[in-house]
Each structure stands twice: as C-alpha cells, then as structure tokens.
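Residue numbers (this note's numbering): 1 to 1118.
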C-alpha cells in the first residue's frame, strides 16, 4: 500500500475507486507519486505543502476532474472557501453524479452557515453512494442540527447497518442518537446506547474527531488502490543450508525452541535451547559457543504434552508435563528439574491441552487446562512464596459440561485483557474476559455454525492490529479480526490446508510479514506472508525424514539473527541453518517486573517503514524482522497490566531486553500551583475517594468524597491578581470533580496549620483546621532496620525515613519477591521517643505525620491477599505494654491523603508521660518526611476567607515527565515544564466534559460535575485582590476544598473499564445497588446533553496502518 495519497472513496466508484478498465487514460507513475506526496502531506496536516504538491496537476490544459476534487479537499482543510467553491464548480461540470463533489459542496455549505443547503448536498451524495456510512452520517448530523425530526429515522437506519458496516462511525451514531433520546426523555434506551458506546471504545475503536466527521471519507486524501506493478512485494523466500542431525532422540514426539535459562540481565539474550518429549520422557538440547549440542535428561517416564513457564520468577523455565495418568510440575534447579513439593488440584482425567496464562492479571502465571472434563483454571495463589494452585474453573465461568481438545489464549477482542478460545469435540467456546477472574461466552464473536475440531493458527496476519484466525485441516478458512472484537469470515482465503497440530508462525525471511510453516512427508512447507494479498507457497525444504504432525521449530538456534529450521525426524533432531539474505533483524526479550517475569500476555507492536507486526507475547525471545530497514521506527509493548511502554529507533543487529518500567499507574489527580516563577507539583488529591478499589476479593475500600488540600503560602503566589492552580489527571484514571473552593487561612507567623485529613476507614475525620505552635521532634526514631532516623524526621524537606527494603522490580532475581507487590514492604517498625518533660507539660498531644505513600493498586492488593506471608498492614500505633513489649492502641491511624501530605493524630491519653514512646507498625511503602509532636492547645488565632473560582478552564495537556528521587526507592515527582513524549495509557472509554470554561459545574455539590480523563488539565483561577490585608506578623496559607471521586483502570478494580456508571452522592457504595441509579431529572439530562459531549482521547496512537513511521511531537501545552 502506498504511504498516503488520494481521495478516499474517490469520485466514480462505490468504494472510492474507478473500476478496472474504466480509466480514460493510463496513469503515469509520476502523477501517482505526486498524488501520494500530496496525501502524505495531508495526513500530517501540512496543507500548504499538499496544495503545492497538487499544483502541477492543476496547471494542465485538461486537468483530471479527480485532481480538482483533491485540490478542493485541501482548500476546505485550509478554510479557503472561495478557492474550494471554484474548484468544485469545475469538477461538478465534469462529474455531475460524483458523490465526492456533492459531499464536499455540502461541507462548503456548512462552512457558509447554510445548513439547509448542506443537507441538500449531503442528501444527493447519499443518493449517489447509499452504502457510504460517513456520508449518511453527515446527512443525519446536519438534519439533527436543524432540529429536523427525520434525523432520528436516519440515525436508526445507520444503527441497523451495524458495527461491521459502520466501523468507528458507528460510535458517533450511538452517541448522537442517545442525545436525541435523552432530549425526548427516552432515557433507558439512551443509557443502553451509551453503554454500548463505551464497550466498543474498550476494544480499541476510536470515536471520529470533529475534523473526521467533517471530512468523512470523501473529504480527505487517502491511499488509492495501487496500480499494477506498484505494490510492494514480500521479501524473497528464506534459504537454508544442508540439514544435519545434531542429536539422536529415540522416542521423542514433540519439540519446542525455548530459552530455558533467562539470565538476560547478565548479558546477551542468546539463542534458544531445544526441549523434546515423548515416550522416552523429557530431555533438553543446549548448544555451546562451539556449536556442539549437549543432551540432558529431565524426566525418564513417558509424557504426552509439555508446556514451559517461569513458576518462581527466577528467569529459568519450569515445566508442566502431562502423562497418561496425571499432571506433573517440574521446577528448575541449578543442575536438574525436581518435582514440585506442593499438591495440585485433582482432575477427573488427564488434560489433553494446557496453556500458562495470567488470566486474573495479578502478576503471576496460572494454568488453563482442557480435556474430557471440559475446561478449568488453576489459579496461582502465591505458589512461588509457598502458596498453592486453586481450581477456579467453575467460578470463573468456563464450561465443564462438554469435552474440549485444544485451548489457546489471546486478547481476541483487543481490550487489553486475555481471552480464551476453546474447541474440539465439544464445539467452540469464545471466553471473553470480564476481569476480576470471570469469563462469559461470547457466541456473537464467531460466525454462526463455525466448527473448529483442531486448533487454529491465531495471529495478526493482515497487520491491522487485530488477531486473525486461520483454520488447520479441511476446509481452509480465514477469519479476520473486526471492530468490536469479532472474527469475520473472509471468503478469499486460499492456500493449502495445514495438517492439524503441525503449524508454527514465524517471520522466517525477516521481511516483517508472518509466515506459516508445517511438516509434511516431503519436508517442511511454508506459506509466505500468510493471510496477505501476496501470500505464496514456499517449496518444501528437505530436512531429512521428519515426523509428520510435529510442528517444526523455526528459530535462530545458532545466534546469527537468521532463523534456522529444526525438525524432529526418525533419525533424530535435524537442523538446517538459515542462510543470510541481506534482511535486517533484532532480537527482543521482555523482562516483566510488575507483571510475570517473561511478559506472557503482553502485546508487542513493531513498525519499520511500511511493515507492521503485532505479536501476542508468549514468553520467549524472538528475532524481529525489519526487511531492508536499518532500525525499527517504533517498538511498543502493552504489558499485561495495560500500560504501554515505547522504544524508538531500535537498531538492527542488536539484542534488546525491554524491562518493564516500574511506576505509579493509578493514585489520584495532581495539584500544581504557581509559585511566582513556575508551576510546581505540590501533591495529589482525591486519593481518599477511590471508586471500585478492592483491599481484598469482595472487600472494597470506602470513599470519602470531600477533601481539604494544604497549599503553603510559598507554593501559591498571586499572578496578575489571581491565584493559579492546575488540577490535572495524568494517570490511568477518570476524575469526577463536583466542587472547588479556595479557603485562605491567615494565622500568626509562628504557627502552622493542617487540615484534618487522612486516608482511613470510617468514621472519616470531621472538618477541622489544626493549629500548631513549636512542635517537638523525636529525640530518637529507631527503625526496625537498626538505624536512628530522627534527623530525617525533624522537618519537611523530602529527606525521608525508610526503615525497610521494599518489594521492587530490582529484586526480581531474588525470589520469592518481585515488583508485583509494588507499594508493599516486609513488616517494619519505627520507634519514636519524645522528651519526657515536654510531654508532661503538654496541654494536648497530637502527632503531625508527613509522609509520601508509594501506592499499591487493585492487582497488588488481590495478589497479596492470596499470597502466604503477605499482609497489607496500614500504620498501627503502638505503646509499651509495661512488660517489655508493645500493644496496639486501636485500629490503623490511616495514612496521609497525598504525596508528602500531612495528617494529625490525637495521642492525648495514649502517649504516657512516664514512658513517652510510640511505635508505628506497617507493611506499606510509606516514607515519613517528618514526624513531630504538638504540645500546644490547638488554639492559635485564625482568619479564614473563602474564594470561589473566577475561572475554570478544561484543556488537553498531556502528561508530565516524571522525576525520580530518593535513590533506589524511586519516588516520583512530576515536572510541569516538560511533557512526556510517549504517553503510557489512554482515557477510559466514554464521554467527558467538553473542553473550555466549566466554572458552572464547580460551584455546588449537585452531581453535575466535571469529568476528566487521562491527559486533561483544569486551570483554576481565584481572585487574590478580594482578600483583606494580612496583619503584621501573620502569614497566609491555603486549603483547597475539593469534592469528587477518582477511578483507575486496573484489571482488578471493579466497574473500572468505562467512564460510566457515573457516581453520585446518594449512592450506597460503588458499584451501587441495582435499585440505585444516577439522577435522571431534567437538570441532569440537560447536563449530559450540554456538557458531557467529548469522546475519549486516544493518546497511545495505533502503530498499524495509520501510524507515522517516525515519532510525533509531544502534546501541546496551554
């Protein structure tokens, strides 16, 4: 396909191209290149350059009418209406029945403000191209803007066409029709349409932008169908050297290429080893640097099936082995494999297929098994830490009433969680992942009556970013991944039938396109560029006498970045080295930290020039072909936890171990303040109001929806007569902000103020402003690590006390702990000793604790709750028990409600004047910046003035660069002045508040709030000139009052996939009960229609097809 080019759905054909044989004159290659250049500029919004590129085609005596339309499209994009009008008039004389001409005349009429004329032109275009969905949508939208009742009829006609026909445009139909239904009080159907709208966005569909809607298909320049001879061919077929038998393997019936020892941190990745199994047991073959293969026996009894996975996350592969009677788990040691000492769940009969998978996205690998018993899942409940496997097949929703012969895992609906496909004698079962460890059958995702007796080949064959499916055996069928997570039958499938259980997918010739290889009686056969228009059959490669129905290994086993051919024959293991042909490649391995060690379940995308591959990662390093490119322009990994990580410009010939970046994904929105020179990061907010956030399975954390955030006078300085605050959503969250107010608190300079806020369980703290005068620091602060941290606790200075070693990714090589317990640490204590005389003389005793919490997330909490020895212990205050020990003073005191935030705890009557010691016990990564003891009476004078915002401007900003601090603990601050070049997540699917001034939504607590998504910023201004003069000897601090909620998108958060359901203050909890619902009165319906109109912003742009072959500039700033 050409890089970019001409008018989509162009002027004469139904689908935009002139039918073959209807061109009045041959197309000159120079003209084609000129049009492609113009379209490339158009795609990158370089309209002046697009105009200049087309100019030579327009100066001809008899310009092609299609070029007149192309030029008019560019002029409309430049808002040059009169130029466009002239070009369209000329085109209309030559092409009176062109839908493209009439469509763009309709767009021109809209620009003129003449909606009736626009409707007339769109209607004519629709008559001429009745199957063009965007044209029909443009007509419906224009009629709706005219308040014509016929608009609903058109929208319903579009709705009937369905997603398969409408694609992304279908989302706009759902949204616009829901608005009409809300206006006519048909709220039930309107909500159903909005729910469908969100669910479809979840599968990767993007809502067309305003510009997309204006241009449709006829108002843009897109690639034309390539002329004969101009298509880019696949690379040459791979070549292999003579076959050699490298090892005698009697009794072997299966072979895999695996990197058994994943010591990638120590150096290069290296080529894979070979694993063989069959009647003689299991053995490995390892090649040394001299090319000699060494054999090692793993198990000496017959096995029928082997699968490898990293059980204990030490980098080495452990093995699942199936015998005639049971399932074995063999754990890799220094020199041998040993049976696992635990007890596995019982099965009615041995499985016939199994697959390691992190189905619940908690960071460790579980096991999917199928057989005569149906399908089941063995959940890994902290096995590496001494836990067990738990059979959860029934509660997960998998069928156990029919037999299955095979299973596979993939993100089939591209919604960033793993789905399951089961098949065989019991039929086909598409198990859609609902998250939270549950699945449901989705029969509509597959063609009716589809039978898959044998396991198909599943991969993205056509390079559109969605997995496709090719059957094995007869008949040959090809199913394409389609919008909405469906697999649609492609009748153009061709090529030979692949015998069942023999195929393997690999890019053997390194051209960036996937090939299919299988064994036959004459050797190894292949389909090059399988599933593509250029699919060709590769002649059989003789490879000794290979066993049929045993998939070959096509992998780089000699380390030269050229795939070799390995087969299992009657004489032994046969290897045919690959012959270099000039194609480039690099080797890639994934190193999970938060997720499983080898990144099983990640989605890897590679873009090199025009070539694009999507790879569902199954844990093994892979040689990635780049064709003739010298580097991969883009490499993106969507890890199993849904977070994107990007590398740019990966050179050919290299080996890359991409380590999962550790960091905070969800906590709460950020607060930045103007400090007189720049916006500085102060803290985060609304962390005490999480929605659907579990502490353990079935145990959700209650939310406290209002909060006071302390802003120091040095942090908030007037600018041009106003206080400026930026409230941003930068994590994978959605924020619902209902109220904002700035309380200005004046007080004597020798005193301090703190709001009565902290994150804890009910009852929540009552609003109160604490005053402190001359608090005292501890004389000693002895940590459980043996260090005295008193010096770090004297003042708030980002010098933290940390008496623990956290569970971080840096310990991934030292089992049993790893980054999947991010935010946690072993149980630790901090013993505080205060001055006895100061305590005795105190009028009141209050602890002021300032700390920085490294947040856990839902998946961490779930994993910890199921792991032996792991406990989530929020800070508990203890006092001496008089017998040389300690006793709890009550439940947890909670944690500070933000980064480097403070909380005040009354310890009057708790701290003994005779033994003024306190001990804090916790397992959280809570970094104490300061802990002091207030001994005054909390009675310093205050003067509070409340300021309402004068402006609240919502805008798209992007994401701040993170700045790590505190050494290996890697705490994250955020730099307002620098934006991250590569966003790591998208917004929740759904509707957000329109950009611009949103002040009316923030003046009252009424559930008509601002909905913000990832990358959004809210610029708040308050009138500093409305304040009274500050008395001499006083200072001014601030309390920012906020009311709202925040919801992350962790795979184990509840009701976390979409913006909806919307929270409201009267709800009993979140998710709320079935008999509760968001307010549906006229005011809230009007709020939806007027304010909730912005579709999801897709920050992580797709690399397939429409993505650039080079990095784009970061998002704009305000």
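Glycine included, every Cβ here is placed at the ideal spot set by N, Cα and C.
Requested in this report: Can you check the segment 681-733 for any beta strand (DSSP E) of at least 3 residues that lies completely inside it and give the ranges in chain order?
Outcome: With a minimum length of 3 residues, the continuous beta strand (DSSP E) runs that stay inside the segment 681-733 are 694-696, 706-711, 722-729.
Query raised in the report: So, helix, strand or coil for residue 1103, using DSSP?
Result: By 1-based counting over the chain shown, the position of residue 1103 is 1103. Correct three-state label for residue 1103: coil.
Query raised in the report: Per DSSP, residue 1022 is paired with what?
Result: Sequence index remark: in the chain shown, residue 1022 carries index 1022 (1-based). Answer by DSSP bridge pairing, in chain order: 723, 949.
Query - Residue(s) in a DSSP beta bridge with residue 322 - result: Residue mapping note: residue 322 aligns to position 322 of the chain shown, counting from 1. Note: residue 322 sits in a beta bridge opposite 305, 327.
Query - Close beta carbons around residue 489, own chain, < 7 Å, minus the five adjacent residues each side - result: What you label residue 489 is simply residue 489 of the chain shown in a count that begins at 1. Shown here for residue 489: same chain residues with a beta carbon closer than 7 Å to its own, the five before and five after excluded, namely 447, 477, 479 in chain order.
**Report entry** Simplified DSSP state of residue 95, which is helix, strand or coil
**Finding:** Here residue 95 refers to the residue found at position 95 when the chain shown is read from its first residue. Coil.
Query - Cutoff 7 Å; reference residue 34; Cβ partners in own chain excluding five residues on either side - result: By one-based count along the chain shown, residue 34 stands at place 34. Contacts found: 53, 56, 57.
Query raised in the report: Ordered along the chain, which non-local residues of its own chain (more than five positions away) have a Cβ less than 7 Å from that of residue 926?
Result: Here the question's residue 926 lines up with position 926 in the chain shown. Correct list, in chain order: 851, 853, 875, 895.
Query raised in the report: Around the Cβ of residue 1103, are there at least 16 other Cβ atoms within 10 angstroms (buried) or fewer (exposed)?
Result: Translated into positions along the chain shown, residue 1103 becomes position 1103. Residue environment analysis places residue 1103 among the buried positions, since at least 16 neighbouring C-beta atoms fall within 10 angstroms of its C-beta.
Requested in this report: Please classify residue 1049: is it buried, with 16 or more other beta-carbons within 10 angstroms of its beta-carbon, or exposed?
Outcome: Looking up residue 1049 in the chain shown gives position 1049. Only buried fits residue 1049, as 16 or more other CB atoms lie within 10 angstroms of its CB.
Query raised in the report: So, residue 141 versus residue 218, is the Cβ gap smaller than 8 Å?
Result: On the chain shown, position 141 is the one that residue 141 refers to. On the chain shown, position 218 is the one that residue 218 refers to. For the pair residue 141 and residue 218, the CB atoms are not nearer than the 8 Å cut-off.
Query raised in the report: Can you name the residues that DSSP bridges to residue 1017?
Result: Mapped onto the chain shown, residue 1017 falls at position 1017. 728, 955, per the DSSP bridge assignment.
Query raised in the report: With a Cβ-Cβ cutoff of 8 Å, do residue 505 and residue 457 count as a contact?
Result: Sequence index remark: in the chain shown, residue 505 carries index 505 (1-based). Sequence index remark: in the chain shown, residue 457 carries index 457 (1-based). In contact: residue 505 and residue 457 (Cβ atoms closer than 8 Å).
Query - DSSP beta-bridge partners of residue 612 - result: Working through the chain shown from its first residue, we reach residue 612 at position 612. Per DSSP, 607.
**Report entry** Buried versus exposed, by CB contacts within 10 Å (16 or more), residue 149
**Finding:** Start at 1 with the first residue of the chain shown, and residue 149 comes out as number 149. Exposed, since its Cβ has fewer than 16 Cβ neighbours within 10 Å.
Requested in this report: Pick out whichever of 728, 918, 331 has its Cα sitting closest to the Cα of residue 882.
Outcome: Position 882 of the chain shown, counting from 1, holds the residue named residue 882. Taking only the C-alpha atoms, the option nearest residue 882 is 918.
Report task. Could you check if residue 400 is buried or exposed, using at least 16 other CB atoms within 10 Å of its CB as the buried criterion? Result -> Reading the chain shown from its first residue, position 400 is the one you call residue 400. Exposure of residue 400 is indicated by the presence of fewer than 16 other C-beta atoms within 10 angstroms of its C-beta.
Query raised in the report: When DSSP builds the beta bridges, which residues end up paired with residue 1012?
Result: In the chain shown, counting from the first residue as 1, residue 1012 sits at position 1012. Looking at the DSSP output, residue 1012 shares a beta bridge with 735.
Report task. With residue 861 as the anchor, note down where its alpha helix (DSSP H) starts and where it stops. Result -> Locating residue 861 in the chain shown gives position 861, where the first residue counts as 1. It spans 858-865 - the alpha helix (DSSP H) in which residue 861 sits, taken as one unbroken run.
Requested in this report: Name the two residues that bound the continuous beta strand (DSSP E) containing residue 1131.
Outcome: Outside the shown range of the chain, which is 1 to 1118, sits residue 1131, and nothing can be said about it.
Query raised in the report: Which runs of the beta strand (DSSP E), 3 residues or longer, sit entirely within the segment 376-441?
Result: Complete beta strand (DSSP E) runs here, min 3: 388-391, 406-410, 419-423, 429-435, 438-441.
Query raised in the report: Do you know offhand how far residue 880's Cα is from residue 790's?
Result: Position 880 of the chain shown, counted from the first residue, corresponds to residue 880. Position 790 of the chain shown, counted from the first residue, corresponds to residue 790. So the two alpha carbons sit approximately 19 Å from each other.
**Report entry** Nearest-angstrom beta carbon gap, residue 1005 and residue 712 [assumed within contact, 8 Å]
**Finding:** By 1-based counting over the chain shown, the position of residue 712 is 712. By 1-based counting over the chain shown, the position of residue 1005 is 1005. Not quite, the Cβ-Cβ distance comes to about 26 Å (not below 8 Å), so this is no contact.
Report task. Please list, in chain order, all residues of the same chain as residue 1100 whose beta carbon is under 6 Å from its beta carbon, the five residues on each side excluded. Result -> Translated into positions along the chain shown, residue 1100 becomes position 1100. Cβ neighbours of residue 1100 beyond the five flanking positions: 644, 983, 986.
Query - Delimiting residues of the alpha helix (DSSP H) encompassing residue 1070 - result: Position 1070 of the chain shown holds residue 1070. No alpha helix (DSSP H) holds residue 1070; DSSP gives it neither H nor E.
Query raised in the report: CB residue 556 to CB residue 351, shorter than 8 Å?
Result: Translated into the one-based positions of the chain shown, residue 556 becomes position 556. Translated into the one-based positions of the chain shown, residue 351 becomes position 351. Not a contact, by the Cβ cut-off of 8 Å.
**Report entry** Residue from 781, 656, 820 whose Cα sits closest to the Cα of residue 665
**Finding:** What you label residue 665 is simply residue 665 of the chain shown in a count that begins at 1. Closest option to residue 665, Cα to Cα, is 820.
**Report entry** Beta-carbon proximity list for residue 354, same chain, < 8 Å, skipping 5 on both sides
**Finding:** As a position in the chain shown, residue 354 is number 354, starting the count at 1. Taken in chain order, the residues that qualify are 305, 307, 320, 322, 327, 367, 368, 369, 370, 407.
Requested in this report: Kindly say whether residue 880, judged by its beta-carbon, lies nearer than 8 Å to any beta-carbon of chain D.
Outcome: Within the model displayed, chain D is absent; a lone protein chain is all it includes.
Report task. Could you name the residues of the same chain whose beta carbon sits closer than 6 Å to that of residue 500, not counting the 5 residues immediately before and after it, in chain order? Result -> For the purposes of this step, residue 500 is identified with residue 500 of the chain shown, where counting begins at 1. Once the five neighbours on either side are set aside, the close Cβ partners of residue 500 are 454, 472, 473.
Query raised in the report: Using 8 Å as the threshold, is the segment 130-137 in touch with the segment 148-164, meaning 3 or more CB pairs across them?
Result: Output reads yes: the segment 148-164 touches the segment 130-137.
Requested in this report: Entirely within the segment 248-279 and at least 3 residues each: give me those beta strand (DSSP E) ranges in chain order.
Outcome: If we require 3 residues or more, the beta strand (DSSP E) runs fully inside the segment 248-279 come out as 252-258, 273-278.
**Report entry** Backbone CA spacing between residue 1098 and residue 1015 [nearest angstrom]
**Finding:** Residue mapping note: residue 1098 aligns to position 1098 of the chain shown, counting from 1. Residue mapping note: residue 1015 aligns to position 1015 of the chain shown, counting from 1. Looking at the two C-alpha atoms, the distance is approximately 10 Å.
Requested in this report: Between the Cα of residue 214 and those of 108, 243, 274, 427, spot the shortest distance and give me the residue it belongs to.
Outcome: Mapped onto the chain shown, residue 214 falls at position 214. Comparing Cα-Cα distances from residue 214 to each of 108, 243, 274, 427, the minimum goes to 108.
**Report entry** residue 375 classed as buried or exposed, judged by whether at least 16 other C-beta atoms fall within 10 angstroms
**Finding:** Translated into positions along the chain shown, residue 375 becomes position 375. The residue is buried, with at least 16 neighbouring Cβ atoms inside 10 Å.
Query raised in the report: Leaving out five residues before and five after residue 903 in sequence, what residues of the same chain have Cβ atoms less than 6 Å from its Cβ?
Result: The residue labelled residue 903 in the question sits at position 903 within the chain shown. Hits under 6 Å: 758, 849, 896.
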